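Residue numbers (my numbering): 1 to 106. We put the CB at the ideal spot given by N, CA and C, even for glycine. Values in this document were obtained by computation on a predicted structure and should not be read as measured data.
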């Protein structure tokens with residue numbers, strides 16, 4: 001004669017089943033490959049990469065009448081702009097341009 005579990009017997013198994021399920025879940029998650037972390041793109045590809053932070057100090061008296069500073073990080077004359085942003089914008093769809101400083105006319 002086969003014996004079935006009564007209602008109270010099933011309730012008594014809930015903690016056991018829950019514990020086994022939790023252990024199985026944690027074990028499976030531990031062995032699943034981690035999704036690759038997507039690196040954020042960098043804007044500075046080659047300028048002063050040996051330093052922790054690129055900082056340029058310019059004396060305002062040395063500026064002259066007008067000067068253009070690079071903001072795309074592609075200029076061969078960095079920190080001054082050489083127009084490299086034009087090709088960068090065409091290649092990437094970006095819209096970066098130089099920072100232009102000029103003296104006020106009196």
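Around the Cβ of residue 1, are there at least 16 other Cβ atoms within 10 angstroms (buried) or fewer (exposed)?
Here residue 1 refers to the residue found at position 1 of the chain shown. Unreliable positioning characterises residue 1 in this predicted model, as indicated by a pLDDT of 44, which lies under 50. The coordinate reading is nonetheless provided below. With a threshold of 16 other beta carbon atoms within 10 Å, residue 1 falls short and is exposed.
* Asked: How do the region 61 to 75 and the region 88 to 102 stand: do at least 3 beta-carbon pairs fall below 8 Å, yes or no?
  -> By the Cβ rule, the region 61 to 75 counts as touching the region 88 to 102, because three or more pairs are nearer than 8 Å.
| Taking the alpha-carbon positions, what's the residue 4 to residue 12 distance? | Residue 4 sits at position 4 when you count from the first residue of the chain shown. Residue 12 sits at position 12 when you count from the first residue of the chain shown. For residue 4 and residue 12, the distance between alpha carbons rounds to 14 Å.
Item to check | Given residue 52 as reference, the closest of 58, 44 and 59 once Cα atoms are compared | outcome: Taking the first residue of the chain shown as 1, we reach residue 52 at position 52. Ranked by Cα distance from residue 52, the first of 58, 44 and 59 is 44.
Fill in: With 16 other Cβ atoms within 10 Å as the buried cut-off, status of residue 68
What you label residue 68 is simply residue 68 of the chain shown in a count that begins at 1. By the 10 Å Cβ count, residue 68 comes out buried.
inquiry  = Which residue marks the beginning of the beta strand (DSSP E) containing residue 84, and which one marks its end?
reply    = The count along the chain shown starts at 1 and reaches residue 84 at position 84. For residue 84, no beta strand (DSSP E) encloses it; the enclosing alpha helix (DSSP H) starts and ends at 84 to 92.
Would residue 84 pass as a contact of residue 74 if the rule is Cβ separation under 7 Å?
Within the chain shown, numbered from 1, the residue matching residue 84 stands at position 84. Within the chain shown, numbered from 1, the residue matching residue 74 stands at position 74. It is a contact, given that the beta carbons lie within the stated cut-off.
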